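One structure below.
2 protein chains.
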Amino acid sequence: MRLVIAKCSVDYAGRLSAHLPLATRLLMVKSDGSLLVHSDGGSYKPLNWMSPPCTLSLIDPDDDQADAGVTEIWKVTQAKTADMLIVSIHEILHDSAHELGIDPGLQKDGVEAHLQVLLAEQIDLLGDGHTLVRREYMTAIGPVDILARDSKGAAVAVELKRRGDIDGVEQLTRYLELMNRDPHLAPVTGVFAAQEIKPQARTLAEDRGIRCLVLDYDAMRGLDDSASRLF
Amino acid sequence: MRLVIAKCSVDYAGRLSAHLPLATRLLMVKSDGSLLVHSDGGSYKPLNWMSPPCTLSLIDPDDDQADAGVTEIWKVTQAKTADMLIVSIHEILHDSAHELGIDPGLQKDGVEAHLQVLLAEQIDLLGDGHTLVRREYMTAIGPVDILARDSKGAAVAVELKRRGDIDGVEQLTRYLELMNRDPHLAPVTGVFAAQEIKPQARTLAEDRGIRCLVLDYDAMRGLDDSASRLF
DNA sequence: GACTAAATTTCGGTA
DNA sequence: TACCGAAGTTTAGTC
Chain X
-5 MRLVIAKCSV DYAGRLSAHL PLATRLLMVK SDGSLLVHSD GGSYKPLNWM SPPCTLSLID
55 PDDDQADAGV TEIWKVTQAK TADMLIVSIH EILHDSAHEL GIDPGLQKDG VEAHLQVLLA
115 EQIDLLGDGH TLVRREYMTA IGPVDILARD SKGAAVAVEL KRRGDIDGVE QLTRYLELMN
175 RDPHLAPVTG VFAAQEIKPQ ARTLAEDRGI RCLVLDYDAM RGLDDSASRL F
Chain Z
-5 MRLVIAKCSV DYAGRLSAHL PLATRLLMVK SDGSLLVHSD GGSYKPLNWM SPPCTLSLID
55 PDDDQADAGV TEIWKVTQAK TADMLIVSIH EILHDSAHEL GIDPGLQKDG VEAHLQVLLA
115 EQIDLLGDGH TLVRREYMTA IGPVDILARD SKGAAVAVEL KRRGDIDGVE QLTRYLELMN
175 RDPHLAPVTG VFAAQEIKPQ ARTLAEDRGI RCLVLDYDAM RGLDDSASRL F
């Protein structure tokens, strides 16, 4: 990534035409050649940009442009759409390059993780008399989302998903198979809990004796609001 | 604007919960306190961000965090929504601050300007036998978008708008009044051209003998495609 | 891979 | 100032 602070004007020609008058801005050149032109305010949207895949090439300013104070011109083009971004640079105030590497990317564990916390707090949603053993109960093949005990003290393993699909049922099945070999736990029953459970997944789960539980995230969140306000 | 390249992990708690694992990223702190976390790829949307108005405060890492390698923690909060962004910094690789000043902002002269170019090229959209005199024909009270002549050689003044509103009709009326005083031009007829003409504007225009012309931007653009490919 | 729907959307314009 | 709709939308999930 290259970061340039420069006094520049910018012209875009593509799906629309747009112009940025001469001012000092941040030019962010990403490693895929894409360019973002940011001002020192506003929200996350750049003033102007070119999406990847695109190529950046330098152009020498002609005499008129040189007379107007342009020292270099960046031409960013996108092969696919024939869009074009022209950055006319008058002065570079900062210029640095950095190796960032590929990014592992955003984990929107948001809903599932939050659901896990909420269901742990509202464990009786599993049924009257249920008690929480713990969240992320570790097994040899990975953590079970929630381990609880029913009113009779029998172990209940809960697999939580935002969208309940067949994959989740298979996952829970593997956990149950393993846990039921453990004499301290067996017999373990399974609960497949999700905001939304696909018909195929429900059929498979119930065929295997796994109970399905549809969770109302908003309602659970609403009950938790008092706790949230403590932050 | 402050630019920081740092090895960091990021957590967001607000309308959803999200997590960014430890990696090297760009942290852009704008003068309004807002923060953008960018990776070296993807499009213009940051991996994570906090919209203004918000405040950034530094927190000392506790012992556990310090043991994990966290050297400093940024806490960015938004007053209104109670959203919170936590940046746990492990290592700062670059840190610089820059004065950018306020930005004049984007001029999307795009559609209207482009329409003007296209209509000038396709001047016969005004009617058979029309010829272009020039775009931006200057008068004492400002430039008329397009001046043309019809098949009989009579002057035609065109006011172009993306959305044809009453204002535009009034504007054209003023131009026509002025131009019709010029013996070299008179008699000048008016054409109010827009992608969309509001009923009120159409009524007013036709009442004043101004012809209304609805332009099909996409079709005009399509005809222009061959020319665009020359770039 | 194309298509559809949501987004921590943002950004205009209009009532 | 609040609501509504488009965006050079982007992004994630489904078919």
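For the protein sequence lines, the chains are X and Z, in the order given.
Each residue of the first sequence is one higher than the last, beginning at -5 in my numbering.
Each residue of the second sequence is one higher than the last, beginning at -5 in my numbering.
Every residue, glycine too, gets a C-beta built ideally from N, C-alpha and C.
Given the structure is predicted, the values throughout are model-derived calculations rather than measurements.
- [ ] Note the first and the last residue of the continuous beta strand (DSSP E) segment covering X:Asp139.
- [x] Gly136 to Arg143
Open item on the list: Here's a check: name, in chain order, each residue in its chain whose Cβ is nearer than 6 Å to the Cβ of Z:Glu289, leaving out the five neighbours to either side.
Closed with: Past the edges of chain Z, shown from -5 to 225, lies residue 289 of chain Z, and the structure says nothing about it.
Task: Span of the alpha helix (DSSP H) around Z:Tyr169 - done: Ile160 to Met173
Task: C-beta contact flag for X:Leu94 and Z:Arg19 at 9 Å - done: yes
Task: Buried or exposed by the 16-neighbour rule on C-beta atoms within 10 Å, applied to X:Glu190 - done: exposed
Task: Cutoff 9 Å: X:Thr18 Cβ touching any chain Z Cβ - done: yes
Open item on the list: I'd like to confirm the pairing. Which residues does DSSP put opposite X:Leu259 in its beta bridges?
Closed with: In the structure displayed, chain X extends from -5 to 225; residue 259 of chain X sits before or after that span and is not available.
Open item on the list: If you follow the alpha helix (DSSP H) that Z:Asp261 is in, where does it begin and where does it stop?
Closed with: Because chain Z here runs from -5 to 225, residue 261 of chain Z falls outside it and cannot be looked at.
Open item on the list: Distance check for Z:Asn42 and Z:Asp5, CA to CA, integer angstroms please.
Closed with: 9 Å
Open item on the list: With a threshold of 9 Å between beta-carbons, can Z:His32 be considered close to chain X, or not?
Closed with: yes
Open item on the list: Just list the residues that DSSP pairs X:Ala7 with in beta bridges.
Closed with: X:Ser11 and X:Met78
Open item on the list: Please list, in chain order, the chain X residues whose beta carbon lies closer than 7 Å to that of Z:Met(-5).
Closed with: Leu20 and Asp34
Task: For X:Arg215, three-class secondary structure by DSSP - done: helix
Open item on the list: Let me confirm a value: Z:His32 is counted as buried when at least 16 other C-beta atoms fall within 10 Å, else exposed. Which label applies?
Closed with: buried
Task: Neighbourhood of X:Pro40 by C-beta distance below 7 Å, restricted to the same chain and skipping five residues each side - done: Leu30, Val31 and His32
TODO: Using 10 angstroms around the beta-carbon of Z:Ile(-1), count the other beta-carbons present and answer buried if the total reaches 16, otherwise exposed.
DONE: buried
- [ ] Return the first residue and the last residue of the beta strand (DSSP E) that X:Thr49 is part of.
- [x] Cys48 to Ile53
Open item on the list: Measuring CB atoms only, is the stretch 144 to 157 of chain Z touching the stretch 172 to 184 of chain Z, in the sense that at least three cross pairs come out at less than 8 Å?
Closed with: yes
Open item on the list: Counting only beta-carbon separations shorter than 9 Å, does Z:Trp68 have a partner in chain X?
Closed with: no
Open item on the list: Taking the beta carbon of Z:Met132 as the centre, do at least 16 other beta carbons fall within 10 Å, making it buried, or is it exposed?
Closed with: exposed
Task: Best match in X:Ile135, X:Val23, X:Asp176 and X:Asp57 for proximity to X:Asp89 [C-alpha to C-alpha] - done: X:Val23
Task: Best match in X:Tyr38, X:Val185 and X:Asp26 for proximity to X:Asp118 [C-alpha to C-alpha] - done: X:Val185
Open item on the list: Counting only Cβ-Cβ distances shorter than 9 Å, please list the residues of the stretch 84 to 97 of chain Z near chain X, keeping chain order.
Closed with: Leu87, His88, Ser90, His92, Glu93, Leu94, Gly95, Ile96 and Asp97
Open item on the list: Can you give me the C-alpha to C-alpha distance between X:Glu171 and Z:Lys69, rounded to a whole angstrom?
Closed with: 44 Å
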